[in-house]
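Asks: If you count the sequence shown from 1, position 120 lands on 905 in our numbering, and the numbers rise without skipping. We put the beta carbon where it would ideally sit given N, CA and C, even for glycine. So that we are looking at the same thing, I have put the structure below in structure tokens.
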Amino acid sequence: MRMRGALSRGTEAAPPTERALEAAWSFLRHAPLGVIAIDREGIILTMNPAASRLLGYAADEAEGEAVARVFRAPRGDGHVPPGACAAPEEAREVEVVTRSGDVLPVGLRLLPLEALDGSLHGTIAMFQDLREQKAVEEQWRRRDRLASLGALSAGVAHEIRNPLAGIGTSAQVLKRRLDVGDARAQFVDLILEEVSRLDKIVTGLLQFARPAAPKLQRQSILPALERALSLVHEVAVRQDVLIRVERSDEVPPVFVDLDQLLQVLLNVLMNALQALDRGGEVEVRVGPTRKRLVERSSLGRRSGDRLSSGRPAPLLDFVEVRIRDNGPGIPAAV
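Structure representation (structure tokens):
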């Protein structure tokens, strides 16, 4: 290799051993960093496999070529100045154009190419692929932008929610003052529907901005269920949908966040109502049940009714809410 000659040239008094040369070259061969040895005239003496892989040139193609043609800058004269590097330089970030024309971000550091007697023979360019690092940095920037967007969304949502509540309350008062059969009631109903729709959008913004951790308390789930049923009652009546509720005599308290459970129940019930035609039916069943606490695999699937130790999984008490409708269901294509 020409690099070996460059390293040993002018040092006949103390030639390096063959073993030391082989060790040095083995290191360069397996190093993950790209390494290019360049003489004083800017001609490539050799480069290691990592440099070949990153730049797209075989070592025998690059040897004897000007470094500016192989380690090519997108613009300007190049990243390696002519002459010999006198002292190690600080690492810097640059872009190089590969053989295929791709622009590759790399971290570049220039080092002196010295003979054993200390004389300078050129420059060693050592560089590292920064694409993965750039991707990680972009992910963090995106997270920061999302965090800022979340904070902005929360502020906007709060500013909208207060006057929205006032509009909804005023519309309800106005509706109560109208006589039965008053044609203007349909316009008030339209206002209430749009207020409800906007409130859902605002709620979604708040949940996106600050998804709250559940505040678990031992309590009955029935207040949340009754509230959800009352909120969807008018929608069900307008669509001529029957909601049948079957409740066990005893529904024990469980650890639950009622606010979050209410949101879940509302989402499921509204999805069911939206999927039904007139005359449809929704069935809600609630009652105690006993289930085994099964483990989950890394793929999130059940791994059976036994623990990893081989013992049966324990039976625990739960409260189960089942919501079914007689709609068409999800198409097979979906």
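Would you mind listing the beta strand (DSSP E) stretches within the segment 856-891 that are 3+ residues and don't spill past its ends, in chain order?
Replies: Within the segment 856-891, the complete beta strand (DSSP E) runs of at least 3 residues are 877-882.
Asks: Suppose the cutoff is 6 Å on Cβ atoms and the five residues either side in sequence are ignored; what does the same chain contact list for Glu1011 look like?
Replies: None.
Asks: Please classify Ala847: is it buried, with 16 or more other beta-carbons within 10 angstroms of its beta-carbon, or exposed?
Replies: It counts as buried.
Asks: Quick check on DSSP: helix, strand or coil for Asp929?
Replies: Correct three-state label for Asp929: helix.
Asks: Rounded to whole angstroms, what is the Cα-Cα separation between Asp902 and Ala844?
Replies: Rounded to the nearest angstrom, the two C-alpha atoms are 27 Å apart.
Asks: Looking only at C-alpha atoms, which of Ile945, Pro948 and Val881 sits nearest to Arg916?
Replies: Nearest of Ile945, Pro948 and Val881 to Arg916, Cα basis: Val881.
Asks: Please go through the same chain and pick out, in chain order, the residues whose beta-carbon is closer than 8 Å to the beta-carbon of Val987, but skip the five residues on each side of it.
Replies: Once the five neighbours on either side are set aside, the close Cβ partners of Val987 are Ala942, Ile945, Arg946 and Leu949.
Asks: Which class does Gly827 belong to by DSSP, given the choice of helix, strand or coil?
Replies: Three-state result, Gly827: coil.
Asks: Is Pro948 helix, strand or coil by DSSP?
Replies: Pro948: helix per DSSP, three-state reduction.
Asks: For the 8 Å Cβ check, are there 3 or more pairs between the segment 928-937 and the segment 950-957?
Replies: Judged by Cβ distances under 8 Å, the segment 928-937 makes no contact with the segment 950-957, as fewer than three pairs qualify.
Asks: Determine the direct distance from the alpha carbon of Pro1008 to that of Gln1002, and round the result to whole angstroms.
Replies: Each residue's Cα considered, the two are about 13 Å apart.
Asks: For Leu1016 and Asp929, I'd like the C-alpha separation in whole angstroms.
Replies: Their backbone Cα atoms lie some 37 Å apart in a straight line.
Asks: Taking the alpha carbon of Ala900 as the point to measure from, which residue in Ala869, Pro1113 and Arg1107 has its own alpha carbon closest?
Replies: Minimum Cα distance to Ala900 is reached at Ala869.
Asks: Can you have a look at His864 and say buried or exposed, based on whether 16 or more other CB atoms are within 10 angstroms of its CB?
Replies: Label assigned to His864: buried.
Asks: Please state the DSSP three-state secondary structure of Arg1070.
Replies: Correct three-state label for Arg1070: strand.
Asks: Rounded to whole angstroms, what is the Cα-Cα separation between Val1036 and Ile1108?
Replies: Distance between the alpha carbons of Val1036 and Ile1108 is about 16 Å.
Asks: If you follow the alpha helix (DSSP H) that Leu1001 is in, where does it begin and where does it stop?
Replies: Element bounds for Leu1001: n/a, residue is neither H nor E.
Asks: From Arg982 to Gln913, what distance separates their C-alpha atoms?
Replies: Approximately 53 Å between the Cα atoms of the pair.
Asks: Is the segment 822-835 touching the segment 874-893 in the sense that three or more CB pairs, one from each, lie closer than 8 Å?
Replies: Touching, no.
Asks: Confirm, please, whether the CB-CB distance from Ile823 to Thr908 is below 8 Å.
Replies: Their beta carbons are under 8 Å apart, which means Thr908 touches Ile823 by this criterion.
Asks: Just to confirm, are Val1104 and Pro1073 a CB contact at a threshold of 8 Å?
Replies: Cβ atoms of Val1104 and Pro1073: closer than 8 Å.
Asks: How many whole angstroms separate the CB atoms of Arg1075 and Leu1047, which I take to be in contact at a CB cut-off of 8 Å?
Replies: Actually they are not in contact, since the Cβ atoms of Arg1075 and Leu1047 sit about 25 Å apart, beyond 8 Å.
Asks: With 16 as the cutoff for other CB atoms within 10 Å, does Ser904 come out buried or exposed?
Replies: When all chains shown are included, Ser904 counts as exposed.
Asks: Can you name, in chain order, every residue of its own chain whose Cβ lies under 8 Å from the Cβ of Val1071, other than the five neighbours on each side?
Replies: Excluding residues within five positions, the ones whose Cβ falls inside 8 Å are Ile1006, Leu1007, Leu1010, Val1030, Glu1031, Arg1032, Ser1033, Val1036, Val1104, Glu1105, Val1106 and Arg1107.
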